[in-house]
Structures are given as C-alpha cells and as structure tokens.
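Q:
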Amino acid sequence: MTVRWGIAGPGRIAATMAGEFAHVPDAELVAVGSRSADRAQLFADRYGIPYAFGSYDDLFAADVDAIYLATPHAQHTELALAAIEAGKALLVEKSFTTTVEDTAAIIDAARARNVFVMEAMWTRFLPAIAHLRGLVASGALGEVRAVYGDLLAFREFDPSDRLFDPTLGGGAVLDLGVYVISFAQQFLGTPEVVHAVGGLFGNGVEAEAGILLGWPDGRYSTQAIGFTAPGPGRQVVAGTKGWVEVKPRFHRAEELSVHLLGEPAEERAFPRTGTGYSHELAHVCECLAAGATESPVMPLADTLAVQQVMAEVLSQLGR
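Each number in the working numbering comes from the position in the sequence shown (counting from 1) with 232 added on.
#1: Residue 529: which of 511, 546, 544 and 545 sits nearest, CA to CA?
#2: What does the alpha-carbon distance come out to for the pair residue 273 and residue 351?
#3: Is the separation between the beta-carbon of residue 548 and that of residue 332 shorter than 8 Å?
#4: In the DSSP assignment, find the beta strand (DSSP E) that holds residue 245 and state where it starts and stops.
#5: Can you list, in chain order, the residues of its chain with a C-beta nearer than 6 Å to that of residue 327? Leave out the 5 residues immediately preceding and following it.
#6: With a cut-off of 8 Å, do at least 3 Cβ pairs link the segment 375 to 385 to the segment 334 to 351?
#7: Quick one: Cα of residue 276 to Cα of residue 289, how far?
#8: The alpha helix (DSSP H) that contains residue 518, what's its start and end?
#9: Compute the beta-carbon to beta-carbon distance between residue 321 and residue 520, rounded to the nearest angstrom, for a pair I have assumed lies under 8 Å.
#10: If you compare alpha carbons, which of 260, 323 and 403 is closest to residue 330?
#11: Would you tell me roughly how many angstroms separate the C-alpha atoms of residue 372 and residue 474, rounded to the nearest one?
#12: Enumerate in chain order the residues of its own chain whose CB-to-CB distance from residue 342 is below 6 Å, with the five nearest sequence positions on each side excluded.
#13: I want to know whether the segment 447 to 467 touches the segment 382 to 402 - three or more CB-CB distances under 8 Å.
#14: What does a CB cutoff of less than 6 Å around residue 264 pick up in its chain, not counting 5 residues either side in sequence?
#15: Where does residue 481 sit, in a helix, a strand or coil, going by DSSP?
#16: Measuring only the C-alpha atoms, how far is residue 233 from residue 516?
#17: Nearest by alpha-carbon distance to residue 535: which of 335, 312 and 237 is it?
#18: Along the chain, which unbroken stretches of the alpha helix (DSSP H) at least 4 residues long are found entirely within the segment 274 to 343?
#19: In whole angstroms, give me the CA-to-CA distance for residue 502 and residue 551.
#20: Between 449, 435 and 439, which lies nearest to residue 429 when the distance is taken from Cα to Cα?
#21: Going straight from the alpha carbon of residue 455 to that of residue 542, what length do you get?
#22: Just the C-alpha distance for residue 268 and residue 441, rounded to the nearest angstrom, thanks.
#23: Do residue 488 and residue 358 come within 8 Å of each other at the CB atom, strictly closer than that value?
#24: Please report the residue range of the alpha helix (DSSP H) in which residue 440 lies.
#25: Just the C-alpha distance for residue 309 and residue 496, rounded to the nearest angstrom, thanks.
Pasting the structure below:
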C-alpha cells in the first residue's frame, strides 16, 4: 500500500519533512496546499511535488490519503476538523493545538468519523527511544521512579517570529514543553501534580520554565525549558534496577548510555534515517495499512493528557 500524502502549510518544518518521504518506500508526497497559491507552487517546484493548491479546502478535496498538518499551532483546529470532514488521515504537528478544548474537539471528530489522527511527536518513533521503551517494558530498569532533563534552546527574542507570537501559539511551553512533558508521560503516565515557575517575555509569552510533575506514589519528573539560555537537552530515565541517559539532544536521540546495577555501563548507538522524521511517517503508513485509526505509540489519549498538563503549566505561569 502506497500512501499518497499532502502537506498543509509550506513553512520551515514542512521543508524539513518534505525530504523525509524519500526514506519511506510506502509514502509518496504528491500535493501541497497553502492560502497562497504562489507559496504552494514555489514549495512544489522546490521539492518536486506534482500538485500545488492555493487553498486548504482544495488540498483536502484532492486525491490524497493523508495530510501532514504543518501550519502554526493556532491554525491546527480549523484545518484538522476540515481534513477529518473530508476523510483524510492526519499527522498533526506538535503542539497538537493551543487549548485542551480544541484538542478534545479534534479527537472527538476523528473518532466519530473513524479517521486516523496522530500528533507528530517524532521523538517517540526514533530507534533509540523505541529501544528505551523496550528496556523499560522488559523490566531491565525495574520500576521507573523518575524522569528528569531539559530542553533549553537559546533564541534571540523577536516578536515577529512565530516562536514568540502569542496569536500563533508561540512560547516555550507549546514549542519546547511539549517535548519534555510527552517524554516523561510515556514512561510515568499522566501526573496528578503539576508545579511550574518561570518568566515571560515583554509581550506576555513564556520565556522559560521549571516544571515539576508528581504522582501519588512518589514518582516524579523535573524538567527545564526555555529560550533564554542554552542547555544540553538530555533526559535520564531512572528505575529501581538502573538508569539510562538519553544523550543530547534527546528529542533527536541517537545514543543511549545504559547503566544497570551490577553491570558495566554500556553506550548504545541508534542512527536515525534521514533527519529522523521518516520514522513517524513510516509508522503512520503502517497504521493506515493495518486499518488502525489511532497509533499505539502516540495514542490520542496521550496527546490530550499532555495538552492538559501544558494548560496547567501555562496557567501557573500567568498565561
């Protein structure tokens, strides 16, 4: 089964993703859509895409099986609902939306129409992280008790950039926090306690935050995010029988340092294919070939849970 793909939103992340289709034998990028016909055509010419559409409705009506939704967060809800109504499978760039309510609306629509939808949390599909999940599932680490790390990425403040524009869902939580919260959630589940401290830029979007997630039995996750300072971008998963460091930068992981009690430390390498986004594309194609409407690796329940945690963090930061 070859899945015919379209890209909605020919921006920076779409440009990165466009090159990944060459690494997925059962995926073919055949269309791109934008609100600007000129932008769509320029993108199509650059990446050898056969069809360019000057409206998203035209893209959703085209002969494609799946849409990669690459527009800014704040535009996801309207476009996702329209694509679902057209019966198109969806890979929605993270963060999924800007609010819990919008995330729930997309999930409800997808389930009602029996349409496949998945958040594009590409980190979960990297070979290194898949191997780490396997270690945890095997019991090699014992019971996971803590996950801690950071995703600090210095960016010069520019209020005109999407990263800092509140109307487009800018800010550290939706751009960086989604990675660290989703990472912790896959190993510890959904937290019952959320504490956040941090600061805002002058236009009101969050600049940085320290996040503490807690569970009733004492398990915890501590995470740091921010645009105001650089950092290693690593994660540690600690269990009762050992711990694993996901080497920097964890969200595009290729190396693990495995430390099991009573055994010598071991460095393990897991090269990515392409830039790494190809792994989530391949997973979606596998799900569609199997007739699945949700991913077992990035289920919609996890997306909703992470969105709820991000909403609480934003509230505590004063957003």
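Note that the Cβ used here is the ideal one computed from N, Cα and C, for glycine as well. Since the model is a prediction, treat every value here as computed from it, not as a measurement.
A: In terms of the structure at hand:
#1: The residue given as residue 529 occupies position 297 in the sequence shown. With distances taken between Cα atoms, residue 529 lies closest to 511.
#2: Residue numbering aside, residue 273 sits at position 41 when the sequence shown is read from its first letter. Residue numbering aside, residue 351 sits at position 119 when the sequence shown is read from its first letter. Going from the Cα of residue 273 to the Cα of residue 351 covers about 26 Å.
#3: For the purposes of this step, residue 548 is taken as the residue at position 316 of the sequence shown. For the purposes of this step, residue 332 is taken as the residue at position 100 of the sequence shown. No; because the gap between Cβ atoms is not below 8 Å, this pair is not in contact.
#4: Here residue 245 refers to the residue found at position 13 of the sequence shown. Where residue 245 is concerned, there is no enclosing beta strand (DSSP E), although the alpha helix (DSSP H) it sits in stretches over 244 to 250.
#5: What you label residue 327 is simply residue 95 of the sequence shown in a count that begins at 1. Cβ neighbours of residue 327 beyond the five flanking positions: 305, 406 and 410.
#6: no
#7: Counting from 1 along the sequence shown, the entry for residue 276 is found at position 44. Counting from 1 along the sequence shown, the entry for residue 289 is found at position 57. C-alpha separation (whole angstroms): 17 Å.
#8: For the purposes of this step, residue 518 is taken as the residue at position 286 of the sequence shown. Note, residue 518: alpha helix (DSSP H), 510 to 521.
#9: Translated into positions along the sequence shown, residue 321 becomes position 89. Translated into positions along the sequence shown, residue 520 becomes position 288. About 6 Å; that satisfies the 8 Å criterion.
#10: Working through the sequence shown from its first residue, we reach residue 330 at position 98. The shortest C-alpha separation from residue 330 is found at 403.
#11: Translated into the one-based positions of the sequence shown, residue 372 becomes position 140. Translated into the one-based positions of the sequence shown, residue 474 becomes position 242. Cα-Cα distance, rounded: 8 Å.
#12: Within the sequence shown, numbered from 1, the residue matching residue 342 stands at position 110. So the qualifying residues of the chain are 316 and 349.
#13: yes
#14: Here residue 264 refers to the residue found at position 32 of the sequence shown. If we look at residue 264 and ignore the five residues flanking it on each side, its Cβ neighbours are 239, 242, 272, 275, 276, 281 and 284.
#15: Residue mapping note: residue 481 aligns to position 249 of the sequence shown, counting from 1. In this structure, residue 481 counts as coil in the three-state DSSP scheme.
#16: One-based indexing of the sequence shown puts residue 233 at position 1. One-based indexing of the sequence shown puts residue 516 at position 284. Those two C-alpha atoms are separated by around 12 Å.
#17: On the sequence shown, position 303 is the one that residue 535 refers to. Among 335, 312 and 237, the Cα nearest to that of residue 535 is on 335.
#18: 288 to 293 and 308 to 317
#19: In the sequence shown, the residue the question calls residue 502 occupies position 270. In the sequence shown, the residue the question calls residue 551 occupies position 319. Their backbone Cα atoms lie some 38 Å apart in a straight line.
#20: Reading the sequence shown from its first residue, position 197 is the one you call residue 429. Of 449, 435 and 439, the residue nearest in Cα terms is 439.
#21: For the purposes of this step, residue 455 is identified with residue 223 of the sequence shown, where counting begins at 1. For the purposes of this step, residue 542 is identified with residue 310 of the sequence shown, where counting begins at 1. Rounded to whole angstroms, residue 455 to residue 542 spans 12 Å at the Cα level.
#22: By 1-based counting over the sequence shown, the position of residue 268 is 36. By 1-based counting over the sequence shown, the position of residue 441 is 209. If I take the Cα positions, the gap works out to 36 Å.
#23: Working through the sequence shown from its first residue, we reach residue 358 at position 126. Working through the sequence shown from its first residue, we reach residue 488 at position 256. Cβ distance not < 8 Å, so residue 358 and residue 488 don't count as in contact.
#24: In the sequence shown, residue 440 corresponds to position 208, counting from 1. Premise fails: residue 440 lies in the beta strand (DSSP E), 438 to 446, not in any alpha helix (DSSP H).
#25: Here the question's residue 309 lines up with position 77 in the sequence shown. Here the question's residue 496 lines up with position 264 in the sequence shown. Going by the C-alpha atoms only, they are around 49 Å apart.
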